[in-house]
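Presented below is the structure to which this report refers.
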Amino acid sequence: MAQHSYITITTHALNNDWSPMLFTLTTQEMEERHTALNIADKLENVISRWEIKDKVMTVITDNAKNVVNAVQLLYNTTNNNISDVTCAAHSLQLSINKALKEDSISEIINQSSRLVGHFKHSNLAKQSLSNKQKGLGMPEQSLLQSCKTRWNSIYSMLERIFENRCPISAVMADRSITSTHIAQKLEILEHQWLKIETLVIFLKPLLVITLLLCEEKHSPTSMVRPLLKKLLDNHLKPQTQTHPTQDRK
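Next up, the structure:
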């Protein structure tokens, strides 16, 4: 239910054969305020109900202060050596979101989002895009809208737009489909296409690592440091290249 708040607690464990296993312990509505104390009570009740008090080694949380403090309260009240580790994928998302708020990047994202919105709300533009894609021998794909809470949706939006640059430009240039006013308002210029291409190339390795860290079938703690080191060494070092297409690795 969209207007209700829920809490889900999952657990990663090793069986007798040392194979990783994943279980969902609970998904329940949380009517109380999301204070550290109330969250700690929920955690303690679930741990007690499943009789795993002496088996909990670490609690993985996002970076929200109330959740981090809840684990500390749990540690204090249970007298169990429970440690808190913040989620690497969430930490990575916060870092990426901060970078995406940079003015020139934010401008491109907003412009792309407005363009997608136009194709989402105009049946004429949507059908024309499909026809242009078909005429160019391209797959008929709808454009994707971004979601503020998921940075990877921004990547998906930009990637889909860039893949469909030709049919999008054709629709924007067709005055029987797109008025001059709409075209001037929404059309993506050449220097903006270059920025979109750069962002797609830059964000792709971050997307791959995010997907790896979000795998549900295993708890990839041992992967975090190697993946981040690889990312920093191979993809996030400043380079002096003049055009992003020179190196797509």
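Following the working numbering, the numbering of the sequence shown begins with 0 at its first residue and continues without gaps.
A virtual CB, placed ideally from N, CA and C, is assigned to each residue, including glycine.
Note that the structure is a prediction, hence the values are computed from the model and not measured.
Item	Value
4 or more residues per run - each alpha helix (DSSP H) lying fully within the region 70-105	87-99
For K64, the nearest candidate out of A88, L36 and N44 (CA to CA)	L36
8 angstroms Cβ cutoff, A169 in contact with chain B	No chain B appears in the structure shown, which is made up of a single protein chain.
Beta-carbon proximity check, M56 vs S111, cutoff 8 angstroms	no
From V67, K52 and D53, residue whose alpha carbon lies closest to that of I59	V67
M20, buried or exposed, once every other Cβ within 10 Å from all chains shown has been counted against 16	exposed
Exposed unless 16 or more other CB atoms sit within 10 angstroms - verdict on F118	buried
I107 (DSSP reduced to helix, strand or coil)	helix
Cβ neighbours of A12 in the same chain (closer than 6 angstroms, five flanking residues each side left out)	M20
Option nearest G134 by Cα separation, candidates W150, I153, I167 and R149	I167
Burial state of V115 (16 or more Cβ within 10 Å)	buried
Contacting residues, own chain, Cβ-Cβ under 6 angstroms from D232 (five flanking each side not counted)	none
Whether S145 touches I176 by CB criterion (8 angstroms)	no
According to DSSP, residues forming a beta bridge with E28	Y5
Check: S221 C-beta below 7 angstroms from any heavy atom of the ligand NAD	Ligands in the displayed structure: none, and consequently the ligand NAD is not present.
Element boundaries [beta strand (DSSP E), containing I59]	T57 to T60
Sequence-distant residues of the same chain with beta carbon closer than 6 angstroms to I8, five excluded per side	L24, T25 and V45
Per-residue DSSP class, three states only, for R224	helix
Three-state secondary structure (DSSP) of R149	strand
Element boundaries [alpha helix (DSSP H), containing E50]	Here E50 belongs to no alpha helix (DSSP H), and DSSP marks it neither H nor E.
Where M20 falls: helix, strand or coil (DSSP)	strand
Local conformation of H190 per DSSP, three classes	helix
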